[in-house]
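Numbering (my numbering), first residue to last: 85 to 522.
Beta carbons are placed, not taken as given, at the ideal position from N, Cα and C, and that holds for glycine.
In this text the structure is predicted, and so the values were computed from the model without any measurement.
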Amino acid sequence: MQKAVWRAGVGVADITPEIGYELAGYAIREQGAIGIHDPVYAKALALHDGSTLTIIITCDLLGLDVSEVRELRLSISSRCGMPSPSILISATHTHSGPATMRTIGIGKRSPAYMATLKQNLLEAAIRACASLEMVRIYYSQGVVDVGVNRRGKIPPGSINPEPDPAGVVDRQVSALFIYRNREKLPWVVLMNCACHPTVLGPENRKVSADFPGAAVSYIETHFKNRAVGMFINGAAGNVNPKLTGSFNEVKAIGNRLGAEILRMAQKSNLELAVGLDAAEQEIALPFNHLPSRTEWLAWIEKYENELNGATDEAELKISRSCLEWARSYLERNRKNELPREVRVQIQRLQIGQLTIIAIPGEVFAETGIYIKSQLRYPVLVAGYANGNVGYLPPAAEIEKGGYEVLEAHKFYGNPDHFSADAEKNVRNAALSLSFQKK
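Printed below as a string of structure tokens:
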């Protein structure tokens, strides 16, 4: 009987928008990209164990809609010949990439760009599946200190918490190193780190992958562009970068992460046994509260007053966005179309001894750390994966309030923040899927 071997293939697509395209992530940004600092990419990694095929796609995007990811996975499944649960599509969550989600006020997407994007992702997956070759795969863990918990004390009169240097952050870094047979340098480096790619703020109007792109560039440059770098974000919902500002800070954080990845590559790492598996579990993410018609009318009055009293462009933009949100839901309330929940898939991918848990939202550090703590084998938590429905705060964070609880759902186009049961359902599904692994 022939010994099972790993095979891998890669496909890369440039998904950089044209100058003038709207960028995603900030409500107060003046829109229209004025330049391209660094290109943004979609990269597909296909893995084959002799009988099973898996595809991981990373995209330098804020996120993708769950329904559209579902359709895209079906298209890839049909063209490449594997079931949808074996396909993971992850966004890095850069706030300087093209608008791709049905959000309110944080970047308007173009149907033409979206059609091209979906085709690019499909073609990258097809190229990856068509270029399989024998490889060895290793897994490694490290630690990097690039993030800070962003939900400390909330100043009076504000909804934006101050950073909390003592707050919970998942500083673990994970990486897959994939080597072509007989080669000593890695061909693919897939890294996982939990931190918001918001080094660049709303004043930036140049397309950029932010620090994940800088980390990937650091790795690829070190290996003389013979390696393909990929980035999967983690439980970063309440974690901001320690450094913010210009592209100098982007490079500094990217280099710090990249240097840790290189150090990890030089260790004696765990070689992953040949074997793939995948599973999904559908769960409900219930909203905390469905406002009544009276409440929607009150929201509208509030934001009309704020709009009329706005004293600067930032206040105008936020008030307009929130007013659009309230008016749209008043109409949905009239039609009796208010959603009580969002249904999503929690995914488990098994790559040898490594378990990847994919969650379609902004997962908090506490959730990611909890999932890892309950399992005895290597676990990689992927946030913003197979869609992005918004923040999924644990119960204690909901009680605290703040932007992620009280405001962010409006820009995501949700009627309210998710209840504590939503995060609990994510945890339970992640563990249930993990205990089912082969």
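With a 10 Å radius around the Cβ and a threshold of 16 neighbouring Cβ atoms, Phe-502 comes out buried. Comparing C-alpha distances from Glu-246 to each of Arg-511, Lys-326, Gly-104 and Ala-368 shows the shortest one belongs to Lys-326. According to the DSSP assignment, Cys-406 belongs to the alpha helix (DSSP H) that extends over 397–418.
Within the region 307–361, complete alpha helix (DSSP H) segments of at least 4 residues are found at 331–349, given in chain order. Under the criterion of beta carbons closer than 8 Å, Gly-467 and Ile-482 do not qualify as touching, at roughly 18 Å. Of all alpha-carbon atoms in Ala-319, Asn-324 and Val-272, the one lying nearest the alpha-carbon of Asn-309 is that of Val-272.
Between Gln-225 and Gln-203 a beta carbon distance of about 36 Å is seen, past the 8 Å cut, so the two are scored as non-contacting. Counting every other CB atom within 10 Å of its CB across the protein chains shown gives Arg-424 a total below 16, marking it as exposed. Residue Gly-116 holds the alpha-carbon nearest to the alpha-carbon of Ser-194 among Gly-116, Ala-214, Asp-254 and Ser-161.
Note on Gln-520: under 16 other CB atoms within 10 angstroms of its CB, so exposed under the neighbour-count rule. Secondary structure of His-493 (DSSP, three-state): helix.
In the DSSP assignment, Ala-130 is bridged to Gly-93 and Ile-139. Restricting attention to Gly-393, Ile-210, His-280 and Pro-477, the CA atom closest to the CA of Arg-511 is found in Pro-477.
Contact between the region 321–338 and the region 362–377 is absent: fewer than 3 CB-CB pairs across the two stretches fall below 8 Å.
DSSP places Cys-277 in the uninterrupted beta strand (DSSP E) bounded by 272–277.
Remark: C-beta atoms of Thr-178 and Asp-294 approach each other more closely than 8 Å. No residue range can be given for Val-228, since it is assigned to no beta strand (DSSP E) and is classified by DSSP as neither H nor E.
In this structure, Val-94 lies away from Val-291, with their beta-carbon atoms at least 8 Å apart. Of the candidates Leu-107, Gly-109, Arg-113 and Arg-91, the residue whose Cα lies closest to the Cα of Asp-396 is Arg-113. By the Cβ criterion, the region 169–185 is in contact with the region 145–154, since at least three pairs of Cβ atoms, one from each stretch, lie closer than 8 Å.
Pairwise C-beta distances place the region 349–364 in contact with the region 429–448, as three or more of them are shorter than 8 Å. Assigned with DSSP and collapsed to three states, Met-218 falls in strand. Comparing alpha carbon positions, the residue from Ala-514, Ala-479, Gly-109 and Tyr-454 closest to Glu-287 is Gly-109.
Straight through space, the alpha carbons of Ser-258 and Pro-169 are spaced by roughly 22 Å.
Per the C-alpha coordinates, the member of Asn-233, Ile-139 and Leu-269 positioned closest to Thr-305 is Leu-269. When secondary structure is reduced to three states using DSSP, Pro-370 falls in the strand class.
In this structure, the straight-line span from the alpha carbon of Lys-456 to that of Val-465 is close to 8 Å.
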